[in-house]
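> So the protein sequences, as listed, match chains A and B.
Just so you know, we're using my numbering here: the first sequence kicks off at 826 and counts up by one.
Just so you know, we're using my numbering here: the second sequence kicks off at 826 and counts up by one.
Just so it is clear, CB atoms sit at the ideal spot from N, CA and C, and this is done for glycine as well.
2 protein chains.
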Amino acid sequence: MEQPAAANKPLYLRMKEDLLRRVQSGEWRPGELIPSENALAAEYGVSVGTARKAIEELADERLLVRQRGRGTTVAMHTHRQEVLRHYRLMTKDGERVNEETSYLDVASARASSTEAKVFGVNRGTAVTRVRRLRLYAKQPVVLEFLSLREDVLPGVGALIRATQPEVLYALLEREYHIIIAKVSEKIMAVKAEAEDTEALGVRAGEPMLEIERVAYDLNGRAVERRIMRARNDTYYLSEFA
Amino acid sequence: MEQPAAANKPLYLRMKEDLLRRVQSGEWRPGELIPSENALAAEYGVSVGTARKAIEELADERLLVRQRGRGTTVAMHTHRQEVLRHYRLMTKDGERVNEETSYLDVASARASSTEAKVFGVNRGTAVTRVRRLRLYAKQPVVLEFLSLREDVLPGVGALIRATQPEVLYALLEREYHIIIAKVSEKIMAVKAEAEDTEALGVRAGEPMLEIERVAYDLNGRAVERRIMRARNDTYYLSEFA
DNA sequence: GAGTGGTCTAGACCACAAT
DNA sequence: TTGTGGTCTAGACCACTCC
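The structure is reproduced here in structure tokens:
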């Protein structure tokens, strides 16, 4: 008959959303064990099978990691396979360009109109801009321009300067409890410009890959934007079913 | 019941593999209903929950499609979302380049060493080569070079010439019962050559996207290789979690 | 040995499609 | 009305981790 209100959604979905909320809220942090199936089933007043279904869906989405005998933890972005899944630029030999990072500069700035549009904020909002190089076999291969929202990540510039992280998203998790849940990349072919010549040693006018990435947190909020310009002896690998 | 030996794998996995085999064998064809959960559970001598788990995994992998009240069917590649999932080239406006196809030529040839390597066959094995254009707003945007194994797809050249299909993988399903299960793409930046100038009207030397795709069937066998050269007012879209 | 997740069973009721 | 898949329950036993 008529439902008062609540959600007419299945129990396991409502439970899943609440578990997600608890991860978002920082109640359970990446790497930490969450309560067992039995404990959660009791807490939510559902059967173990239902609790399991909620947990399993989050595990399928790689937000949780289940280990028999040990328990269920919140996934960490530092886990090797996570890093690899996000970094899809390969050298001609089929190796991931993921070896070494060299920071060029970190600066505060006001959001350009593009940045404002991507982040959904007003033009002029504070952002942190970072330039860095990815190296492979000691050679610079990718020139990266990062742009981070300071309203969401206050003081991130200083942190980056101080720690020069290899894996930025691990820093966001550790310091801001922000988990990158989705990434969108546009890959284009462009001509090398003076800056590329300087940083990567490519000839001006040569074709290069340009990748524009936007990274979203669990709430679907755009947190970081990144332009990557790669030497054309690399390729971008995309595999899907 | 006690299994004599067989695999020590869980029941639902063995059942899943057998269901997969039955799809591969052509016993159930794309678009057809397969037996219900209850029928399959009875047939395999397992509980409904176990049968459900086997079926659900195949549905998660998009090989099966479940519809409440109706039944479970083998997925068809012609389903709109399937086509879109495979075609990731977008115009600057964010529209998929997927509107119209114009075939230039279809010919038989002997596998080059690259083709032989990709397909895992001897050099000189028969292949069918196809050149075609993808149009958007009546303008040619992508020049494609397809190469198909004739040992796996006998007579495919004549079929393509006769039907000029918009969706090649739907033709492979219909005529050869071959389901494309995995696709791997390498995206590179290259210079436009004479052939691109002719077909797409781009200036020689301009940067273009070149995409090399290999398509695999359910057995993991490489069936098709494709080079796509796209005008640089397009981009390749990649989204992942 | 205690506790975890992984597999498996055998039911129940429901929402939905087809007829 | 019949049969389908979707949700949910309440158990059982097992493989594994940790102490």
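Among the residues of its own chain, which have a CB less than 7 Å from the CB of S938 (chain A), if the five just before and after it don't count?
Counting from one through the first sequence, the residue named residue 938 (chain A) turns up at place 113. Only R948 meet the Cβ criterion.
> Do F970 (chain B) and R808 (chain B) have their beta-carbon atoms positioned less than 8 Å apart in this structure?
Here chain B comprises residues numbered 826 to 1066, so residue 808 (chain B) is not present and cannot be evaluated.
> Given R954 (chain B), which residues of its chain have a CB within under 6 Å of its CB, disregarding the five upstream and five downstream residues?
The residue you call residue 954 (chain B) lines up with position 129 of the second sequence. Excluding residues within five positions, the ones whose Cβ falls inside 6 Å are A932, A934 and S972.
> Following the continuous beta strand (DSSP E) through G982 (chain B), name the residue where it begins and the one where it ends.
Walking along the second sequence from the start, residue 982 (chain B) turns up at place 157. It is not in any beta strand (DSSP E) - G982 (chain B) instead sits in the alpha helix (DSSP H) that spans V981 to T988.
> For Y1060 (chain B), report the span of its alpha helix (DSSP H) as first-last.
Counting from 1 along the second sequence, the entry for residue 1060 (chain B) is found at position 235. Y1060 (chain B) -> not in any alpha helix (DSSP H); beta strand (DSSP E) instead, spanning T1059 to F1065.
> Is A1006 (chain A) near L968 (chain A), with beta carbons less than 8 Å apart?
Counted from its first residue, the first sequence places residue 1006 (chain A) at position 181. Counted from its first residue, the first sequence places residue 968 (chain A) at position 143. Result no, Cβ atoms of A1006 (chain A) and L968 (chain A) do not sit closer than 8 Å.
> Under the rule that 16 or more other beta-carbon atoms within 10 Å means buried, what is P1032 (chain A), buried or exposed?
Working through the first sequence from its first residue, we reach residue 1032 (chain A) at position 207. Per the 10 Å Cβ criterion, buried.
> Which residue marks the beginning of the alpha helix (DSSP H) containing L1025 (chain A), and which one marks its end?
As a working mapping, residue 1025 (chain A) is identified with position 200 in the first sequence. Counting along the chain, the alpha helix (DSSP H) containing L1025 (chain A) begins and ends at A1019 to L1025.
> Alpha carbon to alpha carbon, how far is I880 (chain A) from F1065 (chain B)?
Within the first sequence, numbered from 1, the residue matching residue 880 (chain A) stands at position 55. Within the second sequence, numbered from 1, the residue matching residue 1065 (chain B) stands at position 240. Distance between the alpha carbons of I880 (chain A) and F1065 (chain B) is about 21 Å.
> Sorted by chain position, which residues of the same chain lie with C-beta nearer than 6 Å to R893 (chain B)'s C-beta, five sequence neighbours on each side aside?
Indexing the second sequence from 1 puts residue 893 (chain B) at position 68. So no residue of the chain qualifies.
> How long is the line joining the alpha carbons of R877 (chain A) and A1014 (chain B), rounded to whole angstroms?
The residue given as residue 877 (chain A) occupies position 52 in the first sequence. The residue given as residue 1014 (chain B) occupies position 189 in the second sequence. About 46 Å.
> Go ahead and pull the three-state DSSP assignment for R1028 (chain A).
Position 203 of the first sequence, counted from the start, is the residue given in the question as residue 1028 (chain A). R1028 (chain A): coil per DSSP, three-state reduction.
> When DSSP labels each residue in this structure, what does L844 (chain A) get in the three-state scheme?
As a first step, residue 844 (chain A) must be located in the first sequence, where it is residue number 19. It is helical.
> Does any C-beta atom of chain B lie closer than 8 Å to the C-beta of R887 (chain A)?
Within the first sequence, the letter at position 62 stands for residue 887 (chain A). For R887 (chain A), the answer is yes, since a Cβ of chain B falls inside 8 Å of its Cβ.
> When DSSP builds the beta bridges, which residues end up paired with Y1041 (chain A)?
Residue numbering aside, residue 1041 (chain A) sits at position 216 when the first sequence is read from its first letter. Per DSSP, A:K1007 and A:A1047.
> Name the chain B residues that come within less than 8 Å of F968 (chain A), Cβ to Cβ?
Position 143 of the first sequence, counting from 1, holds the residue named residue 968 (chain A). The sequence shown places Leu at residue 968 (chain A), not Phe. Residues of chain B passing the Cβ test: none, with the nearest at roughly 14 Å.
> Express the C-alpha separation of N833 (chain B) and N863 (chain B) in angstroms, rounding to a whole number.
Start at 1 with the first residue of the second sequence, and residue 863 (chain B) comes out as number 38. Start at 1 with the first residue of the second sequence, and residue 833 (chain B) comes out as number 8. Taking the straight line from one Cα to the other gives about 24 Å.
> Based on the DSSP output, what are the partners of L971 (chain B) in its beta bridges?
Here residue 971 (chain B) corresponds to residue number 146 of the second sequence, with the count starting at 1. In DSSP, L971 (chain B) forms a bridge with B:V955 and B:R1051.
> Would you identify the three-state DSSP class for K917 (chain A), choosing helix, strand or coil?
Within the first sequence, residue 917 (chain A) is the residue found at index 92, counting from 1. Correct three-state label for K917 (chain A): coil.
> Note down, in chain order, every chain B residue with its Cβ under 9 Å from the Cβ of A951 (chain A).
One-based indexing of the first sequence puts residue 951 (chain A) at position 126. Those within 9 Å of A951 (chain A) in chain B number zero; the least Cβ separation is about 28 Å.
> Near Y1067 (chain B), what residues of its chain come up, given a Cβ to Cβ distance below 7 Å and the 5 sequence neighbours on each side ignored?
Here chain B comprises residues numbered 826 to 1066, so residue 1067 (chain B) is not present and cannot be evaluated.
> Hey, is V871 (chain A)'s beta-carbon within less than 8 Å of any beta-carbon in chain B?
Here residue 871 (chain A) refers to the residue found at position 46 of the first sequence. So no, V871 (chain A) is outside the interface.
> Please classify S850 (chain A) as buried or exposed, where buried requires at least 16 other C-beta atoms within 10 Å of its C-beta.
For the purposes of this step, residue 850 (chain A) is taken as residue 25 along the first sequence, with counting starting at 1. Its Cβ having fewer than 16 others within 10 Å, S850 (chain A) is exposed.
> Cα separation between T950 (chain A) and R839 (chain A)?
Counted from its first residue, the first sequence places residue 950 (chain A) at position 125. Counted from its first residue, the first sequence places residue 839 (chain A) at position 14. T950 (chain A) and R839 (chain A): Cα-Cα distance of roughly 36 Å.
> Could you spell out where the beta strand (DSSP E) holding L889 (chain A) opens and where it closes?
For the purposes of this step, residue 889 (chain A) is taken as residue 64 along the first sequence, with counting starting at 1. In this chain, the beta strand (DSSP E) harbouring L889 (chain A) covers L889 to Q892.
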